[in-house]
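To keep things clear, I will list the structure first and then write my remarks on it.
Residue numbers (my numbering): 931 to 1342.
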């Protein structure tokens, strides 16, 4: 009885605290993810008030949080959209991977962490935060901008890459050999390809089978199917998260819309628990020693993400202002980076990787909304000064016409 009461008190205090932190973040219009991470640091090992009886339940809730994050992401896209994005935007995806994964891998090797940690940290620095970026686009009123489809295409390609990347690092972290790792990857690719084929050809039939006019039955069927597929995927050494993502892709139409509305509150609850769980396993005293590498990595990869968005938007024929907006919007890292780092933390390959990832995400999840808002006006002002200086030297009216008016509205 006493342990049960203690559990209820601890877990209730966590949920209440997360709700208050989320309300605080909403009032000031920024992502609550850094606050959730800080809450985990406060209640974890070496924190102000370490938890006792509720930690095991928090761990289970965190795993469900990862599954729901990937499921909801899959519900955002249809299989047809994904195939189309792969055909038209894959060069941008390759540039994104090269510019943003290599700094993370290089940092891990410079710190002497070995090749497996390098692959993990490459993923941490590569993947942008879809959740933070979607919120920023909505808050800034840019959902209808011309550069927004380019941003979303890059995010979709990153999400698709998870179906390949997660099985690879799962095998590496488990210490699997080349043959076992190749088999795991082959299974993952085979399952992903099969699901895409089924979703494209038979998606309507699957959605009709899952569909229900009763919200309760729809919620139970979709959630149960997702957990079942995630468990089978994990049993096959693929990844529970990838299994959930593929379930989301397979569902479409009214079923996807209905499931999205029903599962959103659950996703928000368990995702918050996941961020807290990650913080629980990070000792706050371990962050200061890796703060400088995390800050350096954050600055470098903020620049590479801006370059990625600029290049992709330019390739799509977007104007200069839209290119800078696309680059600045992609800077934020968040849930995926923590998911990847969390796998490494539980495997115990490098004790400093978790603290570095936490500090890195905290920095960029705070900087990301700022770069989304201010990259374009700052770049416009700097390029405007450069053009004005050119005009002073040459005196040509053509150059003066290129100087943007400071009062001109942002192009969409």
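All C-beta atoms in this analysis are idealised placements derived from N, C-alpha and C, irrespective of residue type, glycine included.
Of the listed residues the options, nearest to residue i (C-alpha basis)
i: residue 1192; options: 1141, 934, 1274; result: 1141
i: residue 1145; options: 1102, 1181, 1190; result: 1190
i: residue 1052; options: 1268, 1182, 1171; result: 1268
i: residue 986; options: 1089, 1037, 1203; result: 1203
i: residue 1221; options: 934, 1294, 956, 944; result: 1294
i: residue 1214; options: 1259, 1196, 1242, 1292; result: 1292
i: residue 1100; options: 1196, 1047, 1136, 988; result: 1047
i: residue 1309; options: 1218, 1253, 1271, 1277; result: 1253
i: residue 967; options: 947, 959, 957; result: 947
i: residue 1198; options: 973, 1160, 1003; result: 1003
i: residue 1028; options: 1049, 951, 1243; result: 1049
i: residue 1281; options: 1076, 1242, 1219; result: 1219
i: residue 1085; options: 1006, 993, 1124; result: 1006
i: residue 1124; options: 1153, 1271, 1177; result: 1177
i: residue 1286; options: 1297, 1299, 1272, 1277; result: 1272
i: residue 1182; options: 1165, 1135, 1143; result: 1135
i: residue 1250; options: 1303, 1196, 1307; result: 1307
i: residue 994; options: 1164, 1117, 1239; result: 1164
i: residue 1244; options: 1077, 1153, 1155, 1128; result: 1077
i: residue 1240; options: 1150, 1023, 942, 935; result: 1023
i: residue 1116; options: 1035, 1098, 1151; result: 1098
i: residue 1132; options: 1159, 1179, 1075, 1152; result: 1179
i: residue 1196; options: 933, 945, 935; result: 945
i: residue 1257; options: 1299, 1279, 1278, 1150; result: 1299
i: residue 1270; options: 1120, 1152, 1234, 1092; result: 1092
i: residue 1020; options: 1246, 1297, 1303; result: 1246
i: residue 1233; options: 1159, 1033, 1279, 1303; result: 1033
i: residue 1212; options: 1155, 1160, 1278, 1154; result: 1278
i: residue 992; options: 1210, 1188, 1035, 957; result: 1210
i: residue 1128; options: 1008, 1186, 1303, 934; result: 1008
Closer than 7 Å: residue i CB and nearest the ligand ADP heavy atom
i: residue 1219; result: For the ligand ADP, the structure offers nothing, since it holds no ligand at all.
Assigned exposure category for residue i - 16 Cβ within 10 Å defines buried
i: residue 1071; result: exposed
i: residue 1327; result: Bear in mind that a pLDDT of 42 at residue 1327, under 50, signals an unreliable position, so the model cannot answer this.
i: residue 1045; result: exposed
i: residue 1226; result: exposed
i: residue 902; result: Shown here, the chain extends from 931 to 1342; a query on residue 902 therefore has no answer.
i: residue 939; result: exposed
i: residue 1332; result: Low per-residue confidence applies at residue 1332: pLDDT is 36, beneath 50, and the placement is therefore not dependable, though the value from the model is reported in the following sentence. Exposed, because fewer than 16 other Cβ atoms sit within 10 Å of the Cβ of residue 1332.
i: residue 990; result: exposed
i: residue 964; result: buried
i: residue 1017; result: exposed
i: residue 1200; result: buried
i: residue 1184; result: exposed
i: residue 959; result: exposed
i: residue 1139; result: exposed
i: residue 1311; result: exposed
i: residue 1305; result: buried
i: residue 1094; result: exposed
i: residue 1089; result: buried
i: residue 1263; result: buried
i: residue 1026; result: buried
i: residue 1276; result: exposed
i: residue 1335; result: With a pLDDT of 38 at residue 1335, under the threshold of 50, the predicted position of this residue should be treated as unreliable, though the coordinate-derived value follows. Result: exposed.
i: residue 1339; result: In this prediction, residue 1339 has a pLDDT of 39, which is less than 50 and means its spatial position is unreliable; what the coordinates show is noted afterwards. Exposed, because fewer than 16 other Cβ atoms sit within 10 Å of the Cβ of residue 1339.
i: residue 1255; result: buried
i: residue 1150; result: exposed
i: residue 931; result: Any answer about residue 931 is weak, because its pLDDT of 45 lies below 50 and its placement is not dependable; what the coordinates show is given next. Result: exposed.
i: residue 1160; result: buried
i: residue 1147; result: exposed
i: residue 1188; result: buried
i: residue 1083; result: buried
i: residue 1040; result: exposed
Cβ separation of residue i and residue j, assumed to be a contact under 8 Å, to the nearest whole Å
i: residue 1261; j: residue 1313; result: Contact doesn't hold; Cβ gap of about 19 Å is too wide.
i: residue 1000; j: residue 1237; result: Their Cβ separation, rounded to whole angstroms, is 28 Å, which puts residue 1000 and residue 1237 out of contact at 8 Å.
i: residue 970; j: residue 1208; result: 6 Å
i: residue 1038; j: residue 1096; result: Going by Cβ atoms, the distance from residue 1038 to residue 1096 rounds to 18 Å, so no, they are not a contact pair.
i: residue 1073; j: residue 1274; result: Actually they are not in contact, since the Cβ atoms of residue 1073 and residue 1274 sit about 34 Å apart, beyond 8 Å.
i: residue 907; j: residue 1066; result: Nothing can be reported for residue 907: it is not among the residues displayed for the chain, which extend from 931 to 1342.
i: residue 1283; j: residue 1043; result: 7 Å
i: residue 1057; j: residue 1081; result: No, residue 1057 and residue 1081 are not in contact; Cβ-Cβ is about 14 Å, not under 8 Å.
i: residue 1289; j: residue 1242; result: Between residue 1242 and residue 1289 the Cβ distance is about 28 Å, and since that is not below 8 Å, they are no contact.
i: residue 1031; j: residue 1055; result: 6 Å
i: residue 962; j: residue 955; result: 4 Å
i: residue 996; j: residue 1206; result: In fact, because the Cβ distance is near 13 Å, the residues do not count as touching under 8 Å.
Item checked: alpha helix (DSSP H) runs wholly inside the segment 1241-1266, at least 4 long, in chain order -> List check, alpha helix (DSSP H) in window: 1250-1259.
4 or more residues per run - each alpha helix (DSSP H) lying fully within the segment 999-1049: 1009-1040
Continuous alpha helix (DSSP H) assignments of at least 4 residues falling wholly in the segment 1140-1205
1145-1165, 1170-1180
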